Amino acid sequence: RNLGIELAKGEYLMFLDSDDIILSDRCEKLYGLAKKNDSDFVGSFGKRLTRYNFYGSLIYNNAYKNIEDQKENVIFEEMPELIWDTFCTNKLYKKSFLDENDIRFIPKMKYEDIPFALEAYCLGNNVSLTKDTSYLWRIRQDSNSSLTQQHQRYENFEDRIKMIRLCYDIAQKRNFNDMVKKELFFRWIDYDLILYLKIFYQFSEKDHLKIIEEIIKILDLIPMELMKGLNSTKKIMYKMVFEKDIENLC
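Counting in our numbering, the sequence shown runs from 36 upward without gaps.
See below:
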């Protein structure tokens with residue numbers, strides 16, 4: 036992706052993963068919105084794609100819940116829910132914006148689009164959003180699933196923890212306001228960490244305690260009052276984490 040940015044000759048650019056789909060005419064529509072508002076980047080809605088259907092996801096639904104159609108001149112600190120949409124593939128970026136702010140992907144890092152998107156949100160002075168679906172994220176159920184669908188591997192969990200810590204550093208460096216911090220922290224407990232607790236039983240026994248201890252370290256960074264926003268099942272799962280109740284988590 037970094038090489039693609041360097042080689043790009045156009046005014047704007049997009050990223051596309053090889054097995055996903057950008058819907059017909061969406062580049063043109065995003066470009067039209069970008070030119071109309073002189074946007075640093077334009078974000079758009081995305082859906083998950085299976086073999087027979089496509090559907091919305093928690094991530095996009097949360098991020099775009101307060102947008103009816105389009106929104107211009109978005110200020111990140113006034114829309115903390117955007118913290119849920121940290122994909123890079125559903126956005127059209129002005130190349131000069133990326134170059135002038137030196138926004139690049141961290142080499143050899145998985146989930147590299149998340150810190151990339153956070154930096155773009157922080158540094159974007161003119162951001163536009165549309166609820167039109169432009170990107171279909173393919174969901175596979177075979178052995179060749181994409182990285183983001185291989186959660187049962189311990190290495191995947193390690194990469195997620197590294198990403199969370201990096202995002203925490205960005206939040207401190209960019210001095211996120213309290214609303215954005217709370218939304219970021221809540222995303223971690225409601226989505227990023229819970230992914231692995233739901234499939235805890237699929238991990239090797241030798242990794243169980245390591246997973247619990249790493250999750251506790253992240254939870255120590257988060258105000259416990261945010262736990263009140265979780266549903267009952269998730270609250271119980273985190274109670275088991277604090278008690279290191281491996282048997283019931285399995």
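We put the beta carbon where it would ideally sit given N, CA and C, even for glycine.
Note that the structure is a prediction, hence the values are computed from the model and not measured.
- Here the C-alpha atom of M275 lies approximately 42 Å from the C-alpha atom of L127.
- The closest CA to that of D52, considering only T124, C62, R188 and G78, is found on T124.
- Beta-carbon to beta-carbon, L232 and M272 are separated by about 5 Å, close enough to satisfy the 8 Å threshold.
- Only residues of its own chain outside the window of five on either side were considered, and among them V276 and K279 have a CB closer than 6 Å to the CB of I247, listed in chain order.
- Between the segment 76-84 and the segment 93-103 there are three or more inter-stretch CB-CB distances shorter than 8 Å, so the stretches are counted as touching.
- Annotation for R195: the continuous alpha helix (DSSP H) segment containing it runs Y189 to K208.
- If you ignore the 5 residues before and after R86, its C-beta comes within less than 7 Å of no other C-beta in its own chain.
- Under the Cβ criterion (8 Å, minimum of three pairs), the segment 203-223 does not count as touching the segment 161-174.
- Ranked by Cα distance from R188, the options E240, D137, F140 and Y156 are led by E240.
- Y47 is a Cβ neighbour of K129, given a cutoff of 9 Å.
- DSSP places G81 in the uninterrupted beta strand (DSSP E) bounded by F76 to L84.
- Listed as beta-bridge partners of K126 by DSSP are G78.
- The C-beta distance from K64 to D104 rounds to 12 Å, too long to fall under 8 Å, and the pair is not in contact.
- Under the three-state reduction of DSSP output, S163 falls in the strand class.
- The C-beta distance from F122 to A155 rounds to 11 Å, too long to meet the 8 Å contact threshold.
- Bridge partners of V109 according to DSSP: V162.
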